[in-house]
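Just so you know, we're using this note's numbering here: the sequence shown kicks off at 668 and counts up by one.
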Amino acid sequence: MEQKRLTASERFQIEYIRREQLHKRETAVCRFMLLALILAVWELCARLEIIDDFIFSSPSRVLLCFFHMASDGSIFGHIGITLFETIASFLIVTLAGIAAALALWASRGAAEVLEPYLVLLNSLPKSALAPMLIVWLGTHVRTIVVAAVSVALFGSIMTLYTGFQGMDPDQTRLIRSLGGNKTDVLLRVLLPGSLPLIVSNMKVNVGLCLVGVVIGEFLAADRGLGYLIIYGSQVFKLDMVMMSIVILCLISAALYRLIALAEQRLV
């Protein structure tokens with residue numbers, strides 16, 4: 668009886684929601700099956716000696732290496748320091764990027780003067796800058812954070828500023844015609860309308876910050892997953908190298924997922 672009371676549009680809406688839920692479940696299952704297939708093929712190739720498991724490792728060897736380092740707790744210290752550096756640099760990039768982009772939006776003259784320098788700094792290979800940061804700042808956590816910030820900051824500023832410039836001019840004129848000033852345009856039009864852009868930019872920045880942290884740990888760290896990769900390659904503990912890479916992938920996926928969940932609530 669209840670089904671008969673539903674209008675045609677309501678039935679279509681319920682059917683659409685069901686299809687979307689089914690599609691999400693199918694996508695999740697396919698992702699899991701693809702991951703399981705990749706791991707199974709990797710393990711099988713190592714067991715059958717199609718690939719050299721000393722060089723390419725295998726899922727079982729990676730797990731054994733993780734459990735061995737987890738038994739004495741050493742791996743958690745490395746994960747913790749890399750995670751802390753990534754989150755710290757990500758927060759700095761996010762706040763500084765938004766602030767700088769807003770400043771450029773508010774001052775047309777400053778934007779025209781600084782734009783070529785931002786392009787230059789963004790295109791500069793950050794790995795070439797890292798050795799200078801070591802000389803200037805020493806081998807400390809702050810050096811790694813600065814290296815990570817340098818990887819993501821300038822691109823973030825340019826992306827956000829370009830997005831701010833693309834704001835609907837009709838909305839700005841409407842606010843002005845009602846007696847609003849630039850602050851009203853900022854708070855009532857620019858920031859609310861740019862929220863999807865800001866969140867999308869955060870998704871990119873979290874990966875770039877992790878890349879910058881690993882680059883910094885390659886050169887100026889005695890802790891962290893980047894340090895484990897360098898150390899493992901130097902002493903030919905390639906299981907440790909693969910384990911660190913896998914953990915970095917998991918950290919990146921987890922941070923991206925957290926931002927995606929925040930996006931669902933905010934946007």
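For every residue, glycine included, the Cβ atom is placed at its ideal position computed from N, Cα and C.
For Ser823, the enclosing alpha helix (DSSP H) has its first and last residue at Val808 to Gln832. By alpha-carbon distance to Pro783, the top candidate from Ile765, Val760 and Gly822 is Gly822.
Non-local C-beta neighbours of Asp720 in its own chain, meaning closer than 6 Å and more than five positions away in sequence, comprise Ala713, ordered along the chain. The beta carbon of Leu796 sits closer than 7 Å to those of Ser817, all from its chain and outside the five residues before and after it, given in chain order. Residue Ser774 holds the alpha-carbon nearest to the alpha-carbon of Tyr828 among Gln901, Ser774 and Leu731. Contact annotation: Leu892 and Leu915 have beta-carbon atoms nearer than 8 Å.
Using a Cβ-Cβ distance cut-off of 8 Å, the stretch 902 to 920 and the stretch 870 to 883 are in contact, since at least three pairs of beta carbons, one from each stretch, lie closer than that value. For the pair Phe743 and Ile681, the Cα-to-Cα distance works out to about 46 Å. Thr674 carries a coil assignment under DSSP once its states are collapsed to helix, strand and coil. The DSSP-derived three-state label of Gly776 is helix. In this structure, the straight-line span from the alpha carbon of Gly764 to that of Leu820 is close to 6 Å.
In chain order, Met869 and Asn872 place their CB closer than 7 Å to the CB of Thr761, counting only its own chain and leaving out the 5 sequence neighbours on each side.
Pairing Val813 with Arg698, the inter-Cα distance amounts to about 35 Å. Leaving aside the five residues that flank Pro859 on each side, none in its chain has a CB nearer than 6 Å to its CB.
Per DSSP, Ala737 is one residue of the alpha helix (DSSP H) stretching across Pro726 to Ser738.
Taking 8 Å as the cut-off, the Cβ atoms of Leu785 and Ile824 count as close. Counting the other Cβ atoms within 10 Å of the Cβ of Met909 gives 16 or more, which makes it buried.
Minimum Cα-Cα distance from Ile748 among the listed residues Gly883, Ala927, Phe903 and Gln901 corresponds to Gly883. Here Leu858 carries a helix assignment [DSSP, helix/strand/coil].
In this structure, Ser725 is the residue among Val880, Ser725, Leu886 and Phe751 with its C-alpha nearest to the C-alpha of Val708.
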